[in-house]
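For reference, each letter of the sequence shown is one residue, going 1 to 207 in UniProt numbering.
Built from N, CA and C at the ideal position, the CB exists for glycine as well.
Remember, predicted model here, so these are calculated numbers, not experimental data.
Encoded as structure tokens, the structure appears first; notes follow it.
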Amino acid sequence: MSYDEHDAVTDEFYEQIRQQVIEEFTVERLQSFYHKQPDVMRPAVNTIKEAKALLAAQRFAPALVFSASAFELLLKSTLLRPVVYGLVHNDALAEILVNKVLGRQTDIDRFKDLLAGLFKTLAHVDLDSICRPGSAQPLMKEAKAFQTKRDRILHAGAVCTSEEAESAYAIALAIYEQIVTPMIGALHLSIGDSGTIGLAVFTNRRT
């Protein structure tokens, strides 16, 4: 997708609101969003499952496309949407704000700073320091590279190898396990098998 006037306006608005989002979000607002919309992550989980099925069927190009799409669903829809939503107490206005700030932004670099601030605050970890097992590259850098590969497949008919498809799928899993899960856990919430988010269950055991 080419960068147009709408993207420029959206970027400008995003820069204006980014610091406000980081400063004003609260754990309680995030928890409230997930309580109201516990299935917000299910599309991401379903997309990862579809990528796995396509990979098993040796349909490497569509497998990579689905894996790269999962990056965006996990980071933008599952994590950032609730943060922006929490700035406004009116649901209708909140939806407008979410669409304005995140809207058509599919390039994860555009909202990386906001995501990094959120991760640092909740998980107390530098986002750029996270690497998936077996890779020396930062996870977000790898994700960005495979987003570019996805775009080349969709818009230029680029060829995808089995190794690329497998790497993209591994990155999707790593984002889920190393970024999303710690953030959700920091809110004292848990993730079910289907991607449903709910209260974490703590069991007290007597020794």
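Exercise. Is Leu-154 buried or exposed, if buried means 16 or more other CB atoms sit within 10 Å of its CB?
Worked result: exposed
Exercise. Counting along the chain, where does the beta strand (DSSP E) carrying Leu-189 start and finish?
Worked result: 189–191
For this session: Using three-state DSSP, classify Met-1 as helix, strand or coil.
Result: Caution is warranted here: a pLDDT of 48 is assigned to Met-1, below 50, making its placement in the model unreliable, and the coordinate value is therefore given only provisionally. Note: Met-1 maps to coil in three-state DSSP.
Exercise. Between the beta-carbon of Thr-78 and the beta-carbon of Ala-44, is there less than 8 Å?
Worked result: yes
Exercise. Among the residues of its own chain, which have a CB less than 8 Å from the CB of Arg-152, if the five just before and after it don't count?
Worked result: Ala-158
Exercise. From Phe-33 to Ser-190, what distance separates their C-alpha atoms?
Worked result: 14 Å
Exercise. Taking buried to mean at least 16 other C-beta atoms within 10 Å of its own C-beta, is Lys-76 buried or exposed?
Worked result: buried
Exercise. DSSP three-state call for Ile-130: helix, strand or coil?
Worked result: coil
For this session: Could you work out which residue in Pro-38, Val-180, Met-183 and Lys-120 is closest to Gly-198 when comparing CA atoms only?
Result: Pro-38
Exercise. What do you get for Val-27, buried or exposed, if any count of 16 or more other CB atoms within 10 angstroms of its CB means buried?
Worked result: exposed
For this session: For Asp-109, decide whether its Cβ has a neighbour in chain C, counting only Cβ atoms nearer than 8 Å.
Result: Judged by its chain identifiers, the structure shown contains no chain C, having just a single protein chain.
Problem set entry | Reduced DSSP secondary structure (H/G/I, E/B, other) of Arg-206 | Annotation note: pLDDT 38 at Arg-206 (below 50); position unreliable, coordinate value reported separately. Residue state, collapsed to three classes: coil.
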